[in-house]
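Student: Residue numbers (the numbering used here): -18 to 434. By construction, the Cβ of each residue, glycine as well, lies at the ideal position given by its N, Cα and C atoms. One structure is given below, represented as structure tokens, and several questions about it will come after.
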């Protein structure tokens, strides 16, 4: 937008956790230009004034590992989750092979609108559309630009279909990266599924591409015991050393899950600067015995929260609370509230700053103007000025405004420029069609012998 966006009469927080009411925030050219008491910030001709009426303004949420399409294509159901990982992957892969770029565009628009309305300003996406990698990534980028969502998109390539197919998909991913390398809102990243599904030639290629460009890499790290066992049986290495040997760890790497990481590997991850995107909701459903949170937190790793294809970021926060409390009660974790802040705020803010090269994650001058206004007037302690149980207060509050790079994307609870009910209808039609197409081969096999008889 042209001109300034001025948020008036806000509640905000300092880095030390103390709140300030009656504040104003001036946003211009995608950055926070001024933060001052309300009376000191006049509204100038041409400004867009937003009256916050004491409501809380916080940095936007970062979904550090998302499956925007997969979460709709394969919703969380108990029957499927009871099957082993290989079966689940085959089921998900089969459905994704029927996706077209136009399908991805429709489903992405629905998912991104929901993300914005929940307070998310940046999504790190791990897409699977093997039939049209380039077209699907471009479709997601196009939708993100239209809606105003900050996006880092990659493809979840694997080697299960052979080396040639894997390398072709990786090259298509690389073409997207080259086209989106410096875009202010949408960036490309390299991606692969996981160690257990990726052969050496694919990882070697991705390592070379990453070395040549310095581009982020997104992948699943130690998905579980099956990943560890398969990697060891095929390559005689654990997962972390194997990926490290191909140059796939580092400050711009986003490694999801890390369910089967030991203390030594956690230390190596911390030394490399790799961001580990935990999906506690997925962990509770798929690997209930996982202790990734306490293992990684104990070694000062950069960790963030991801929806991981199982609900939204608020669901992930609830699951993280359950996980942190269980670890604390078992004397395996100290300060569960501090861990939640690191997962939900501090780690994601650092990741966003790394990916886009601009300081973020605080309501301070010079920071990225990715902000959310919540329908929450925080209750402050009279003596300290701090807000006890702030996450608890916020999690029950509606997102009133969402601002990404200075652009208003949600206004008083409504995503601008779209009819969300119509988006839901379009997404339902696409899903119904994809599920029907995926069942066609099974029907043909079942009916074939009868016709021939």
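1) State the DSSP-derived secondary structure class of residue 75, mapped to helix, strand or coil.
2) Check whether the Cβ atoms of residue 105 and residue 198 lie closer than 8 Å to each other.
3) Once the 5 residues before and after residue 368 are set aside, which same chain residues still bring their CB inside 6 Å of it?
4) Would you grab the beta carbon distance between residue 183 and residue 140 for me? Rounded to a whole angstrom, and I think it's under 8 Å.
5) Quick check: residue 328 and residue 300, are their CB atoms within less than 8 Å of each other?
6) Using 10 angstroms around the beta-carbon of residue 383, count the other beta-carbons present and answer buried if the total reaches 16, otherwise exposed.
7) According to DSSP, is residue -11 helix, strand or coil?
8) Spatial neighbours of residue 207 within its chain, please: C-beta separation below 6 Å, excluding the five flanking residues on both sides.
9) Could you tell me the boundaries of the alpha helix (DSSP H) in which residue 213 lies?
10) Could you give the residue range of the alpha helix (DSSP H) that holds residue 333?
11) Helix, strand or coil for residue 378, going by three-state DSSP, please let me know.
12) Would you report the Cα separation of residue -10 and residue 159, rounded to the nearest angstrom?
13) Report all residues from its chain with a CB closer than 7 Å to the CB of residue 246; omit the five preceding and five following residues, and keep chain order.
14) Alpha carbon to alpha carbon, how far is residue 118 from residue 392? Give it in angstroms, no decimals.
15) What's the C-alpha gap between residue -7 and residue 325?
16) Return helix, strand or coil for residue 426, following the three-state DSSP convention.
17) Does chain B have any CB closer than 8 Å to the CB of residue 197?
18) Opposite residue 181 in the DSSP bridges: which residues?
19) What are the uninterrupted segments assigned as alpha helix (DSSP H) that are 4 or more residues long and contained completely in the region 57 to 131, given in chain order?
20) Between the alpha carbons of residue 449 and residue 47, how many angstroms are there, rounded?
21) Assign residue 14 to one of three DSSP states: helix, strand, or coil.
22) Residue 136 by DSSP, collapsed to three states: which one?
23) Compute the Euclidean distance between the alpha carbons of residue 373 and residue 357, then round it to the nearest angstrom.
24) Rounded to whole angstroms, what's the CA-CA distance from residue -14 to residue 11? Just pull it up for me.
25) From residue 278 to residue 28, what does the alpha carbon distance come to, in whole angstroms?
26) May I ask which residues mark the beginning and end of the beta strand (DSSP E) holding residue 370?
27) Between which two residues does the beta strand (DSSP E) containing residue 283 stretch?
28) Just grab the DSSP bridge partners of residue 199 for me.
29) Decide if residue 177 is buried, meaning its Cβ has at least 16 other Cβ atoms within 10 Å, or exposed.
30) Counting only the same chain and skipping the five closest in sequence on each side, list residues whose C-beta sits under 7 Å from that of residue 295.
31) Cβ of residue 124 within 8 Å of Cβ of residue 90?
32) Which two residues bound the contiguous beta strand (DSSP E) that contains residue 9?
Tutor: So, from the listed chains and residues:
1) If you number the chain shown from 1, residue 75 lands on position 94. The answer is helix: DSSP assigns residue 75 an H, G or I state.
2) What you label residue 105 is simply residue 124 of the chain shown in a count that begins at 1. What you label residue 198 is simply residue 217 of the chain shown in a count that begins at 1. No, they are not a contact pair.
3) Sequence index remark: in the chain shown, residue 368 carries index 387 (1-based). Taken in chain order, the residues that qualify are 0, 359, 361.
4) Within the chain shown, residue 183 is the residue found at index 202, counting from 1. Within the chain shown, residue 140 is the residue found at index 159, counting from 1. Confirmed, Cβ separation roughly 5 Å.
5) Walking along the chain shown from the start, residue 328 turns up at place 347. Walking along the chain shown from the start, residue 300 turns up at place 319. No, Cβ-Cβ distance for residue 328 and residue 300 is not below 8 Å.
6) Counting from one through the chain shown, the residue named residue 383 turns up at place 402. Buried is the call here.
7) The residue you call residue -11 lines up with position 8 of the chain shown. The answer is strand: DSSP assigns residue -11 an E or B state.
8) Position 226 of the chain shown, counted from the first residue, corresponds to residue 207. Taken in chain order, the residues that qualify are 66.
9) Locating residue 213 in the chain shown gives position 232, where the first residue counts as 1. Where residue 213 is concerned, the enclosing alpha helix (DSSP H) stretches over 206 to 216.
10) Counting from one through the chain shown, the residue named residue 333 turns up at place 352. Its alpha helix (DSSP H) spans residues 328 to 337.
11) Within the chain shown, residue 378 is the residue found at index 397, counting from 1. Residue 378 falls in the coil class under three-state DSSP.
12) Here residue -10 corresponds to residue number 9 of the chain shown, with the count starting at 1. Here residue 159 corresponds to residue number 178 of the chain shown, with the count starting at 1. Rounded to whole angstroms, residue -10 to residue 159 spans 43 Å at the Cα level.
13) Reading the chain shown from its first residue, position 265 is the one you call residue 246. So the list reads 219, 221, once near-sequence residues are dropped.
14) Residue 392 sits at position 411 when you count from the first residue of the chain shown. Residue 118 sits at position 137 when you count from the first residue of the chain shown. Roughly 28 Å between the two C-alpha positions.
15) Translated into the one-based positions of the chain shown, residue -7 becomes position 12. Translated into the one-based positions of the chain shown, residue 325 becomes position 344. So the alpha carbons of these two residues sit roughly 17 Å apart.
16) Start at 1 with the first residue of the chain shown, and residue 426 comes out as number 445. Confidence is the limiting factor: at residue 426 the pLDDT is only 36, short of 50, which leaves the residue's position unreliable, though a coordinate-based value still follows. If DSSP states are grouped into helix, strand and coil, residue 426 belongs with the helices.
17) No chain B is part of this structure, which consists of one protein chain only.
18) In the chain shown, the residue the question calls residue 181 occupies position 200. The partner list for residue 181 (beta bridge, DSSP) is empty, contrary to what the question assumes.
19) 59 to 62, 66 to 77, 82 to 98, 114 to 128
20) Only positions -18 to 434 of the chain appear in this structure, which leaves residue 449 out of reach.
21) In the chain shown, counting from the first residue as 1, residue 14 sits at position 33. In this structure, residue 14 counts as strand in the three-state DSSP scheme.
22) Taking the first residue of the chain shown as position 1, residue 136 is located at position 155. In this structure, residue 136 counts as strand in the three-state DSSP scheme.
23) For the purposes of this step, residue 373 is taken as residue 392 along the chain shown, with counting starting at 1. For the purposes of this step, residue 357 is taken as residue 376 along the chain shown, with counting starting at 1. Distance between the alpha carbons of residue 373 and residue 357 is about 11 Å.
24) Stepping through the chain shown from its first residue, residue -14 is reached at position 5. Stepping through the chain shown from its first residue, residue 11 is reached at position 30. Near 10 Å, if we compare the C-alpha coordinates of residue 11 and residue -14.
25) Here residue 278 refers to the residue found at position 297 when the chain shown is read from its first residue. Here residue 28 refers to the residue found at position 47 when the chain shown is read from its first residue. Spanning the two alpha carbons is a distance of roughly 44 Å.
26) Position 389 of the chain shown, counted from the start, is the residue given in the question as residue 370. First-last for residue 370: undefined, no H or E at that position.
27) Your numbering for residue 283 matches position 302 in the chain shown. Counting along the chain, the beta strand (DSSP E) containing residue 283 begins and ends at 283 to 286.
28) Within the chain shown, residue 199 is the residue found at index 218, counting from 1. DSSP, once it has assigned bridges, lists 172, 235 as partnering residue 199.
29) Working through the chain shown from its first residue, we reach residue 177 at position 196. Under this definition residue 177 is a buried residue.
30) The residue you call residue 295 lines up with position 314 of the chain shown. 99, 376, listed in sequence order.
31) Translated into the one-based positions of the chain shown, residue 124 becomes position 143. Translated into the one-based positions of the chain shown, residue 90 becomes position 109. Result yes, Cβ atoms of residue 124 and residue 90 sit closer than 8 Å.
32) Translated into the one-based positions of the chain shown, residue 9 becomes position 28. From DSSP, the beta strand (DSSP E) with residue 9 extends over 0 to 9.
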